[in-house]
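Residue numbers (our numbering), protein chains in the order written: chain A, 1060 to 1174; chain B, 18 to 126.
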């Protein structure tokens, strides 16, 4: 079983540009999560999907952020009109979502730098 | 605001010693508790999960949970230099995972 994969691993963009990240979860994992992590902090929850349904979004999530999981498999996270404060590691995780236990496994992350 | 608190460290222990990492949480409804290890520049790696009061052992790692005290800990026996990393405590209840800021562990050879 391959792990969670994310693409790209690094992204440098100029302020005001749009960026899109992709996450491929562990196969047959129903739940997919997006987190953001900055230096010295733990990962901060952004949003999650159960299959193709987006079930929860953080109240801290700006409306410049949007996520999709159209077929219940891979997911994309788009940030519009990027700002320097968006610079962070964006992490994707997946979990089985069944059986009462929800162990989440993380991908390698996408490091975003906004100039 | 649901919170997870950890001592940021660094916690320094000699090679072969027991490292003890602690975490407290604010949400009494929390049901699932996890420890992740994160090396510098890498993503978090799940090392332990615990769901009921008591101890859970896996190799050199032991997780301890006390829901009455809202406290979870991780013990690492026979610490090795390769254990040097940041250890993140994560708690889940009726909300998605909430992470602490992590404790940086340094194992000195």
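Glycine included, every Cβ here is placed at the ideal spot set by N, Cα and C.
Since the structure is predicted, the reported quantities are computational estimates derived from the model, not experimental observations.
**Asked** So which of 41(B), 98(B), 48(B) and 35(B) has the shortest CA-CA distance to residue 1161(A)?
**Response** Translated into the one-based positions of the first chain, residue 1161(A) becomes position 102. Taking the Cα of residue 1161(A) as reference, the smallest distance to any Cα among 41(B), 98(B), 48(B) and 35(B) is reached at 48(B).
- How many angstroms separate the CA atom of residue 1110(A) from the CA atom of residue 32(B)? Counting from 1 along the first chain, the entry for residue 1110(A) is found at position 51. Counting from 1 along the second chain, the entry for residue 32(B) is found at position 15. Rounded to whole angstroms, the gap between the alpha carbons of residue 1110(A) and residue 32(B) is 45 angstroms.
With 9 angstroms set as the bound, which would you pick, yes or no: does the beta-carbon of residue 1164(A) sit closer than that to a beta-carbon of chain B?
In the first chain, counting from the first residue as 1, residue 1164(A) sits at position 105. It does; some Cβ of chain B falls within 9 angstroms.
Next item on the list: Starting from the Cα of residue 1164(A), find the closest Cα among 1172(A), 1157(A) and 1152(A) and give me that residue.
Entry: Taking the first residue of the first chain as position 1, residue 1164(A) is located at position 105. Of the candidates 1172(A), 1157(A) and 1152(A), the one whose C-alpha sits nearest the C-alpha of residue 1164(A) is 1152(A).
Environment of residue 1138(A) [buried if 16+ CB atoms lie within 10 Å]: Within the first chain, numbered from 1, the residue matching residue 1138(A) stands at position 79. Flag for residue 1138(A) reads buried.
Out of 54(B), 119(B) and 37(B), point me to the one whose CA is closest to residue 95(B)'s CA.
Position 78 of the second chain, counted from the first residue, corresponds to residue 95(B). If you compare the alpha carbons of 54(B), 119(B) and 37(B) with that of residue 95(B), the shortest gap goes to 37(B).
For residue 1149(A), go through chain B and note every residue whose CB falls closer than 8 angstroms to its CB, in chain order. In the first chain, counting from the first residue as 1, residue 1149(A) sits at position 90. Within chain B, no residue comes near residue 1149(A); the closest Cβ sits about 10 angstroms away, beyond 8 angstroms.
Taking C-beta pairs closer than 7 angstroms, name the residues in chain B that residue 1161(A) reaches, listed in chain order.
Position 102 of the first chain, counting from 1, holds the residue named residue 1161(A). Correct list: 49 and 109.
Only counting runs of 3 or more residues, tell me where the beta strand (DSSP E) segments fall wholly within the stretch 1066-1112 of chain A, in order along the chain. If we require 3 residues or more, the beta strand (DSSP E) runs fully inside the stretch 1066-1112 of chain A come out as 1069-1072, 1078-1083, 1090-1096 and 1103-1109.
Q.
In this structure, how does DSSP classify residue 37(B) when only helix, strand and coil are distinguished?
A. Residue numbering aside, residue 37(B) sits at position 20 when the second chain is read from its first letter. Of the three classes helix, strand and coil, the one that applies to residue 37(B) here is strand, per DSSP.
Under a three-way DSSP split, which group does residue 49(B) fall into?
Within the second chain, the letter at position 32 stands for residue 49(B). The answer is strand: DSSP assigns residue 49(B) an E or B state.
Check: Excluding five sequence neighbours on each side, which residues of the same chain lie with their C-beta closer than 7 angstroms to the C-beta of residue 46(B)?
Finding: Locating residue 46(B) in the second chain gives position 29, where the first residue counts as 1. If we look at residue 46(B) and ignore the five residues flanking it on each side, its Cβ neighbours are 110 and 111.
Just to confirm before moving on: does the CB-CB distance between residue 1104(A) and residue 114(B) stay below 9 angstroms? In the first chain, residue 1104(A) corresponds to position 45, counting from 1. In the second chain, residue 114(B) corresponds to position 97, counting from 1. A Cβ-Cβ contact shorter than 9 angstroms links residue 1104(A) with residue 114(B).
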